[in-house]
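Protein chains in written order, with the numbering used here: chain A, 4 to 827; chain B, 16 to 295. Note that beta-carbon positions come from the ideal geometry of N, C-alpha and C, so glycine has one too. Inspection log for the structure reproduced underneath, given as structure tokens.
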Amino acid sequence: MPQSEPVERVTQIQRRPLARRFLRQYLFSTDHKTIGIQYGVTAMLFLLVGFGLVLVMRWALAYPGSPLPEWAQSWVGDKNLQSGALKPESYNQFGAMHGTIMVFLGIVPLAVGAFGNYLVPLMVGAPDMAFPRLNMASYWAFLAGGVVMLASFFLPLGAANSGWTAYPPLASLSPGSGQTYWLVGIVLLATSSLLGSINFITTIVQLRAKGLAWMRLPFFVWAQLVTAFLLLLAFPPLVAAGVLQLMDRVAGTSFFYPSGLFLGAEQLAVSGGGSPLLWQHLFWFLAHPEVYVLILPAMGIVAEIIANNTRKPLWGYRSMVFAALFLGFMSFIVWAHHMYLTDMGTSISAFFQATTLIISIPSVIVVSALVVSLWGGSIRFNTPMLFALAFLPMFGLGGLTGLPLALAASDIHLHDTLYVIGHFHYIVAPGTLFALFAGVYYWFPKLSGRRMSEWLGILHFVPSFVFMNGIFFPMLIQGMGGISRRLYDGGASYQHAQHLLGWNEFMSQSAWWLGLAQIPFLLNLAWSLVAGKRVAENPWGATTLEWSAPWPPIHGNFPAPPVVERGPYEYGVGGDAAAFSPQGLAPAPPPQPSAGLTPPQPSPRGGEGAISTPLPVHGEGSGEGEEPIPHTVTIRPDTGTTNPKLGIWLFLASEIMLFGALFSSYVLLRVNAGAEWGEHAARLNLPLATFNTAILITSSITMVYAWLQLLLKDLGRYRLYMGLTILLGLVFLVAKGFEYGEKFSHGLHPSESTFLAIYFTLTGLHGLHVLGGVLVNGFLLGPGSRLWTTAPARFTNRVEIAGVYWHFVDLVWIFLFPTLYLLG
Amino acid sequence: MRELLGLPILASEQGARIDLTLALIHALMAALFLGWAAFYLYCLYRYRRSRNPIPNTMGARSHLSTYAEFAVAAVMATILIGFSIPIWSQRVEDFPDEKDATVVHVIAKQFAWICHYAGPDGQFGARDPSLIDAANTIGLDRGGAGKDDVVIEQLHLPVGKPAILKLTSMDVIHCLYLPEMRVKQDVIPGSEIPIWFTPALTTEEFRARKQAEGLSEGTDPAMVNFQIACAQLCGVAHYSMVRTLVVHTPEGYEDWMRKEQEFLAAEAAAGEYEFEEETP
């Protein structure tokens with residue numbers, strides 16, 4: 004590890020211009036605390052946008068056909084209005100984007116990106132995330148995805164309008180570019196989640212402080228760990244589905260178009276042969292685990308706050324942990340309960356009903372444990388606790404209303420009604436969102452050194468609780484009465500629902516009042532940042548490690564690596580409600596140059612407000628000599644691996660899910676396909692592909708040699724073998740390009756048949772992976788190799804990791820080659 | 016029970032079991048929620064700081080919650096095995112013989128439900144995509160077996176006789192929804208999905224029931240009807256993809272079919288088939 008002179012570095016950085024320092028510290032920071040705040044602020048803005056959309060939609064539902072208020076019209080824009088009222092096509096756009104924004108841009112980034120990022124490293128006693136720059140990239144990918152999503156509103160025909168579920172053929176036929184933007188946005192958001200989840204898992208596994216055994220992790224950290232696995236493994240199939248839908252929209256393929264579609268009296272000019280249900284399987288394979296992504300971090304937050312404010316340990320901590328793990332596992336085999344009505348047979352529906360009922364058990368265990376935790380406590384009713392307590396019955400209602408939807412028989416009546424909407428809003432809005440509010444109130448002093456106002460907090464809590472129920476309970480009533488979801492007229496054309504239409508205005512009024520009820524919250528945030536009551540480092544008397552970290556926060560979190568001595572919730576020790584035993588105390592800061600941390604230099608308190616003040620002593624993000632993260636090169640004894648190695652395997656796991664989803668699509672399409680499948684398969688260039696296979700296998704061998712030369716300390720030969728690897732990769736790509744050209748010249752385009760569609764998609768995606776590998780290897784051959792002179796061990800590591808990736812890409816081809824060229 | 020849950024009027028023979036399942040689950044849900052809420056509120060009251068300044072760090076010692084969880088799991092398993100699976104199996108496997116049923120091809124397209132009847136000969140005419148135009152929306156070949164086929168944007172069924180609907184879509188995914196029959200089924204382009212049920216109330220009886228329950232206030236009783244709705248977002252006018260279902264007495268159904276045949280004969284004589292739009 005490079006040992007630069009800390010003193011010299013400080014002066015170097017301080018000499019940087021102020022503007023650049025600002026950029027590094029607040030905008031392009033790699034500090035997990037800053038990134039957490041960036042996520043938090045951005046996600047809250049998106050939540051406001053998503054909420055705003057629904058407030059407009061609720062006008063259309065409450066007063067069908069009547070014009071919006073003048074001031075609202077100017078916000079909504081003439082494009083979306085017809086004589087002042089919201090147009091039906093705009094209603095559909097707003098609905099689709101409300102769901103997308105709330106789930107992908109609001110709740111998940113807030114629960115995982117903000118709370119997870121800020122708290123997980125602190126709670127496990129780590130100096131930062133395992134991969135700080137990936138963490139920064141994750142935020143920027145998220146922001147880009149969000150900007151793409153929002154930008155689509157300004158397209159001539161507006162944003163995506165086919166629901167957040169984007170079922171084809173409706174979505175793939177949707178006019179304009181809104182749906183295309185949506186797909187691109189989803190791919191960016193998936194990238195962000197992927198980078199984030201690799202980071203979370205590696206951080207929790209590799210960077211736990213000394214003594215922080217698995218069963219001493221706060222429940223919040225467990226919840227984030229399971230969440231990260233869900234994101235890692237569930238998102239790739241959606242990316243695969245997104246790529247396929249993008250191909251349908253852009254390249255004219257027929258992945259989701261069956262043969263013989265008509266639009267009006269016009270036959271749709273596509274080859275056909277695809278399957279609309281393929282999308283639903285891939286989508287729900289993501290989207291059901293996604294539900295647990297929405298709820299697990301919330302459960303984690305509530306658990307922390309309840310333990311703290313009952314002043315006693317959580318009841319049944321171990322069963323909660325195992326329940327969360329079981330929940331994560333089960334969430335991958337329940338997806339088709341969203342699809343009972345797609346013509347499902349008895350045995351398959353019985354399987355998914357059973358798994359769905361089984362998955363309700365761990366959720367019940369977690370929530371019961373939280374409720375039973377209240378027993379015997381000495382309960383403090385502060386704002387965070389109020390929100391956390393309200394979470395329990397609200398999530399309870401949301402969970403219980405899932406039961407009739409889990410059973411196929413009762414789902415017949417309730418499927419796609421407002422009952423479903425009520426069900427999941429109870430889980431996500433007064434459930435997760437309340438937990439997130441609780442978290443904001445609870446951890447606000449951690450990042451600002453000030454407490455939020457209790458009065459404004461209660462002014463926020465009480466009306467929010469009332470109006471949330473005012474919106475969502477009537478949805479259950481209307482749904483039971485048979486009103487479908489996604490109706491522009493709110494059910495006015497349903498004769499069977501006439502007596503339930505009066506609720507529409509009631510719900511809309513509740514929604515608008517709920518909007519007003521958020522004003523105290525925003526005021527509270529702003530006011531408390533500047534003028535909130537100053538508090539000590541641990542105002543709640545909390546046990547977990549984040550409260551042992553010094554305030555103001557420092558870059559590197561702890562002056563010296565903390566040591567953990569006990570479980571997470573040792574409250575009320577010796578029969579005193581105020582007493583507690585912190586999980587671990589940072590030892591007095593001995594100057595430990597080997598850890599690369601300089602002693603903290605507390606910066607002055609005032610002024611900065613919520614923004615942490617990282618000390619710019621480590622030259623963040625500048626490549627060399629950045630925050631030394633433990634186990635970047637050295638193996639952690641109890642896990643037996645280094646961070647990058649764990650990271651790359653996690654990445655490859657997600658890649659396996661991605662290609663696995665595409666291979667499954669291949670199988671499904673082939674089963675459905677007609678004779679043209681074989682004809683087109685027979686026209687592939689087998690000799691060229693065989694040649695390419697040999698090229699790629701050879702390149703794997705040269706890649707291994709390159710790495711071996713580094714172990715032998717021979718940079719010259721390393722360059723030779725690395726150069727050869729790159730060359731072989733380029734030869735592969737050129738041959739591939741030639742093969743594509745040959746196909747195109749014979750009129751064999753992806754739109755010709757489902758075989759050609761999947762052939763071009765699979766080989767194209769693989770080609771992009773090869774290209775990515777060539778670029779990485781090129782970097783390691785060129786500018787990246789400078790690291791050899793300063794940190795040879797680290798450089799060797801990088802080459803090894805790049806090698807693992809390269810072999811994987813090679814392996815994918817070894818599966819692709821027989822599947823496409825030999826089996827056809 | 017139905018009124019308590021707020022379900023629409025029930026008008027099919029198969030729906031009663033679905034309603035019973037819904038009632039059982041909701042009873043279980045209510046019991047769970049109330050039990051839970053009582054415990055929760057008691058805790059909040061009994062263990063507030065001013066009343067209980069010293070926490071009991073051991074917490075609850077009873078295993079009651081574990082037993083409760085087992086009990087709930089057992090009840091759910093009973094509902095699954097005793098109700099949900101049999102209902103489903105009846106729905107997707109126990110189809111009546113087509114000879115004993117009214118068979119209708121229901122074709123969904125943006126934003127209409129088109130019902131295609133075989134007519135007196137019992138043979139469905141062929142459908143040819145090349146014949147599709149603005150008037151002949153489903154491409155029915157009027158030669159041969161299609162001569163007496165009725166194509167209409169209304170669903171007509173006789174009461175008490177099983178109906179088999181064969182669902183197809185010409186464009187996107189729709190979802191056939193007959194609230195009073197407790198029937199809902201996705202209609203997926205590229206596949207034909209059959210569904211069956213037995214109407215138990217005629218439209219006349221339904222109107223009377225509705226009036227008796229005070230659900231048709233302010234509407235002309237003669238305008239009250241069963242409806243076919245679309246439950247799956249299918250585009251800009253999805254909300255208005257609603258058509259009428261008329262359930263006749265057996266004789267009434269025969270009458271209706273005879274009138275349709277007369278109508279067809281008149282059209283055939285005029286040399287041109289008008290594919291009928293919705294008639295009152």
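Asked                                                                                                              : Found
Beta-carbon neighbours of A/D251, restricted to chain B and to distances below 8 Å                                 : Here the premise fails: no neighbours, minimum Cβ distance about 13 Å.
A/A539 versus A/S413 - alpha carbon distance                                                                       : 54 Å
Terminal residues of the beta strand (DSSP E) in which A/Q712 lies                                                 : Segment L689 to L714 is the alpha helix (DSSP H) holding A/Q712; no beta strand (DSSP E) there.
Residue-chain proximity (B/T36, chain A), Cβ-Cβ < 8 Å                                                              : yes
Span of the beta strand (DSSP E) around B/H189                                                                     : H189 to L193
Close Cβ partners of B/I94 (< 8 Å) along its chain, the five nearest in sequence each way excluded                 : T36, L39, I40 and L43
Buried/exposed call for B/A284, threshold 16 Cβ in 10 Å                                                            : exposed
Sub-8 Å separation of A/E658 and A/S756 beta-carbons                                                               : no
Any chain B beta carbon closer than 8 Å to A/M483                                                                  : yes
Proximal residues to A/V224 (C-beta, below 7 Å), its chain only, five neighbours per side dropped                  : V123, M126, V127 and I207
Min CB distance B/M73 to chain A below 8 Å                                                                         : yes
Contacts that B/M91 makes with chain A (C-beta to C-beta distance below 8 Å)                                       : L360, S363 and L406
A/F265 to A/S496 span [Cα, whole Å]                                                                                : 26 Å
Contacting residues, own chain, Cβ-Cβ under 6 Å from A/F585 (five flanking each side not counted)                  : Checking the sequence shown, residue 585 of chain A turns out to be Pro, not Phe. So the list reads T546 and S551, once near-sequence residues are dropped.
C-alpha gap between A/G181 and B/I69, whole angstroms                                                              : 59 Å
With 16 other Cβ atoms within 10 Å as the buried cut-off, status of A/L519                                         : exposed
Assigned exposure category for A/K315 - 16 Cβ within 10 Å defines buried                                           : buried
Within 9 Å of chain A by C-beta, residues of the region 240 to 254 of chain B in sequence order                    : N240, F241, Q242, A244, C245, A246, Q247, L248, C249, G250, V251, A252, H253 and Y254
Interface residues of the region 53 to 67 of chain B facing chain A [CB-CB below 7 Å]                              : F54, Y55, C58, L59, Y62, R63, R64 and N67
DSSP three-state assignment for A/V273, whether helix, strand or coil                                              : coil
Contact residues within the region 499 to 517 of chain A, judged by C-beta distance below 9 Å to chain B           : H499, A500, Q501, H502 and L503
Sequence-distant residues of its chain with Cβ nearer than 8 Å to A/G610 (five each side left out)                 : Because the pLDDT of A/G610 is 34, which lies under 50, any placement of that residue in the model is unreliable, and the question is left without a value.
Beta-carbon gap between A/L173 and B/C249 smaller than 8 Å                                                         : yes
Residue-chain proximity (A/Y808, chain B), Cβ-Cβ < 8 Å                                                             : no
Cα-Cα separation between A/Q356 and B/S99, rounded to whole angstroms                                              : 9 Å
Own chain, CB closer than 7 Å to A/I474, minus 5 neighbours either side, in chain order                            : M510, S513, A514 and L517
Contacts that A/K315 makes with chain B (C-beta to C-beta distance below 9 Å)                                      : P70, N71, T72, M73 and G74
Cβ neighbour criterion (16 or more within 10 Å) applied to A/S86                                                   : exposed
Chain B residues whose Cβ lies nearer than 7 Å to that of A/S496                                                   : Y254, S255 and V257
Close-in-space but distant-in-sequence residues of the same chain around A/Y429 (CB under 7 Å, 5 per side omitted) : M397, L400, G401, T404 and F475
Inter-residue CB distance, A/P221 and A/P571 (contact presumed, cutoff 8 Å)                                        : 4 Å
Cα-Cα separation, A/G53 to A/H426                                                                                  : 19 Å
Residues from the region 209 to 222 of chain B in contact with chain A, defined by Cβ distance under 7 Å           : none
Neighbour flag for B/H41 against chain A, beta carbons, 8 Å                                                        : yes
DSSP state of B/C249 mapped onto helix, strand, coil                                                               : coil
Short-range partners of chain A found in the region 129 to 161 of chain B, where Cβ spacing is below 8 Å           : P144, I147, D148, A149 and T152
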